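Structure record follows, encoded as structure tokens.
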């Protein structure tokens, strides 16, 4: 067994995960908060204003990382759903339950910051084009996952239902991704694409990257934090939880 | 007899004995369409066909969701679902047969009402062809997702609102493509992309969704 498969199997074991994730949470919080602070101050205070959009472009430092991360969390949930479906790995369900709320909040914030950005630049906060609509749909999908998980009290059956719904809902992601190119829309295509020259100035790019790293670390920390709580709750009554809590 | 035909015949026979399951969504379709026509003063004019297309699609979508929300609920209650799973036959094929039967029972009558709805909303005659060309694959996808939603919520009491929350977001891509194709054909713009897209989604749904539905049916019996 190579390193990867060994870690994969170990992470599936609740006590190993509970102990191993403890330090990760702390460090991810630290890295996340520091990078977010640095990136936000840098972006808001020390980058030049945009030639066309003036200072309003600065919302990019929050809008782009949250929007991107919310999509990534949705895809991660679908992947975890697939893992649960195939291997019935308990930790995959723990991940889904812990990440789904964060995903919903990030999607809501991406929509909100998009509206705030749209008012000065597009002249309207909301357009019913495919891009904004499909992000709204992503929010509904998150809410559906949450509602379904709470409606089925039986843990294993609820987990399977949520896994399947997440996989089916993932068809929405390519539509979000390519809607900008399929339909004419007010939303600009992404400025940073693999294989294309970057269409954003370097002085504006760095704070964006720092903020992205910060938000990703913070989100990973939050998810791990909740996963540890869920693991404890589910494994209550087992010996290792008693050991952990008595120390 | 193949698993497809067994499931198809059985669902048709049960549906035939419960005609209200098909008639209620039809009544819903007519009532909602009339309510919309009544509230628009003077009725719809022919220039508002783009709006009428969107209304017809959404009303058909809601009626289909109503019709398929109860799929497998009776089988789940009385234990026939357990028998179905215990049979040594492909559950995937059986689900396809059952959904096909449901489509004939509830979607075809609704599609038959579409000309009436189109007439009530004063829809331009030139898009009726395109409306049917898109509504037929569209209603198949709606029925499949409706049954998926019903199996997701099997055993959850009072599942109406939950079903809507789960299923409606999944309807959006098909709805956008279908309405887009009709509206573009109305404006004599190219619509091939949307038309191909909606048929592609229909084929993909017929192929893959029964796997998900079958898996959910199986797990509903496990615990």
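Residue numbers (the numbering used here), protein chains in the order written: chain A, 9 to 255; chain B, 56 to 278.
Just so you know, even glycine gets a beta-carbon here, dropped at the ideal spot from N, CA and C.
Since the model is a prediction, treat every value here as computed from it, not as a measurement.
In chain A, which residues lie with their C-beta within 8 Å of the C-beta of residue i?
{"i": "residue 267 of chain B", "result": "172, 175 and 176"}
What does residue i touch in chain A if you count any residue whose Cβ is under 7 Å from its own?
{"i": "residue 274 of chain B", "result": "165 and 168"}
{"i": "residue 250 of chain B", "result": "Under the 7 Å cutoff, chain A gives no residues; its nearest Cβ is about 14 Å from residue 250 of chain B."}
Compute the distance between the beta-carbons of residue i and residue j, then report whether it is under 8 Å.
{"i": "residue 108 of chain A", "j": "residue 173 of chain A", "result": "no"}
{"i": "residue 104 of chain B", "j": "residue 178 of chain B", "result": "yes"}
{"i": "residue 186 of chain B", "j": "residue 169 of chain B", "result": "yes"}
{"i": "residue 141 of chain A", "j": "residue 114 of chain A", "result": "no"}
{"i": "residue 215 of chain A", "j": "residue 111 of chain A", "result": "no"}
{"i": "residue 155 of chain A", "j": "residue 92 of chain A", "result": "no"}
{"i": "residue 125 of chain B", "j": "residue 205 of chain B", "result": "yes"}
{"i": "residue 191 of chain B", "j": "residue 166 of chain B", "result": "yes"}
{"i": "residue 108 of chain B", "j": "residue 238 of chain B", "result": "yes"}
{"i": "residue 249 of chain B", "j": "residue 196 of chain B", "result": "no"}
{"i": "residue 149 of chain A", "j": "residue 228 of chain B", "result": "no"}
{"i": "residue 37 of chain A", "j": "residue 240 of chain A", "result": "no"}
Distance cutoff 8 Å, beta carbons only. Does residue i sit that close to anything in chain A?
{"i": "residue 228 of chain B", "result": "yes"}
{"i": "residue 211 of chain B", "result": "yes"}
{"i": "residue 217 of chain B", "result": "yes"}
{"i": "residue 60 of chain B", "result": "no"}
{"i": "residue 224 of chain B", "result": "yes"}
{"i": "residue 109 of chain B", "result": "no"}
{"i": "residue 283 of chain B", "result": "Look at the range of chain B in this structure, 56 to 278, and you will see that residue 283 of chain B is not part of it."}
{"i": "residue 139 of chain B", "result": "no"}
{"i": "residue 270 of chain B", "result": "yes"}
{"i": "residue 116 of chain B", "result": "no"}
{"i": "residue 176 of chain B", "result": "no"}
{"i": "residue 160 of chain B", "result": "no"}
Classify residue i as helix, strand or coil using the three-state DSSP reduction.
{"i": "residue 188 of chain A", "result": "Because the pLDDT at residue 188 of chain A is just 44, under 50, the model does not fix this residue reliably, and the point stays unresolved."}
{"i": "residue 58 of chain A", "result": "strand"}
{"i": "residue 178 of chain B", "result": "coil"}
{"i": "residue 215 of chain A", "result": "helix"}
{"i": "residue 161 of chain A", "result": "coil"}
{"i": "residue 247 of chain A", "result": "helix"}
{"i": "residue 140 of chain B", "result": "helix"}
{"i": "residue 3 of chain A", "result": "Here chain A covers residues 9 to 255 and nothing more, so residue 3 of chain A does not appear."}
{"i": "residue 73 of chain B", "result": "coil"}
{"i": "residue 89 of chain A", "result": "helix"}
{"i": "residue 79 of chain A", "result": "helix"}
{"i": "residue 99 of chain B", "result": "coil"}
{"i": "residue 64 of chain B", "result": "helix"}
{"i": "residue 31 of chain A", "result": "helix"}
{"i": "residue 72 of chain A", "result": "helix"}
What is the rounded straight-line gap between the Cα of residue i and the Cα of residue j?
{"i": "residue 265 of chain B", "j": "residue 96 of chain B", "result": "44 Å"}
{"i": "residue 159 of chain A", "j": "residue 172 of chain B", "result": "36 Å"}
{"i": "residue 220 of chain B", "j": "residue 277 of chain B", "result": "25 Å"}
{"i": "residue 233 of chain B", "j": "residue 121 of chain B", "result": "20 Å"}
{"i": "residue 22 of chain A", "j": "residue 177 of chain A", "result": "28 Å"}
{"i": "residue 65 of chain A", "j": "residue 136 of chain A", "result": "22 Å"}
{"i": "residue 77 of chain A", "j": "residue 89 of chain B", "result": "44 Å"}
{"i": "residue 76 of chain B", "j": "residue 127 of chain B", "result": "13 Å"}
{"i": "residue 261 of chain B", "j": "residue 68 of chain A", "result": "41 Å"}
{"i": "residue 147 of chain A", "j": "residue 119 of chain A", "result": "9 Å"}
{"i": "residue 10 of chain B", "j": "residue 273 of chain B", "result": "No information on residue 10 of chain B is available, as it lies outside the stretch 56 to 278 that chain B covers here."}
{"i": "residue 213 of chain A", "j": "residue 251 of chain A", "result": "48 Å"}
{"i": "residue 253 of chain A", "j": "residue 30 of chain A", "result": "14 Å"}
{"i": "residue 78 of chain B", "j": "residue 163 of chain B", "result": "12 Å"}
{"i": "residue 14 of chain A", "j": "residue 89 of chain A", "result": "21 Å"}
{"i": "residue 129 of chain A", "j": "residue 53 of chain A", "result": "20 Å"}
{"i": "residue 86 of chain A", "j": "residue 171 of chain A", "result": "7 Å"}
{"i": "residue 100 of chain B", "j": "residue 81 of chain B", "result": "24 Å"}
{"i": "residue 82 of chain A", "j": "residue 103 of chain A", "result": "12 Å"}
{"i": "residue 235 of chain B", "j": "residue 182 of chain B", "result": "12 Å"}
{"i": "residue 114 of chain B", "j": "residue 84 of chain B", "result": "6 Å"}
Taking only beta-carbon positions, decide if residue i is within less than 8 Å of chain B.
{"i": "residue 179 of chain A", "result": "yes"}
{"i": "residue 89 of chain A", "result": "no"}
{"i": "residue 189 of chain A", "result": "Its pLDDT being 49, under 50, residue 189 of chain A is placed unreliably in this model, and the coordinates cannot settle the point."}
{"i": "residue 239 of chain A", "result": "no"}
{"i": "residue 145 of chain A", "result": "yes"}
If the cut is a Cβ gap below 9 Å, which residues of chain A does residue i touch?
{"i": "residue 106 of chain B", "result": "Those within 9 Å of residue 106 of chain B in chain A number zero; the least Cβ separation is about 13 Å."}
{"i": "residue 208 of chain B", "result": "156, 159, 160 and 169"}
{"i": "residue 220 of chain B", "result": "148, 151, 152, 155 and 156"}
{"i": "residue 279 of chain B", "result": "Since the first and last residues shown for chain B are 56 and 278, residue 279 of chain B lies out of range."}
With a threshold of 8 Å between beta-carbons, can residue i be considered close to chain E, or not?
{"i": "residue 243 of chain B", "result": "Annotation note: the requested chain E is absent from the structure, which comprises protein chains A and B."}
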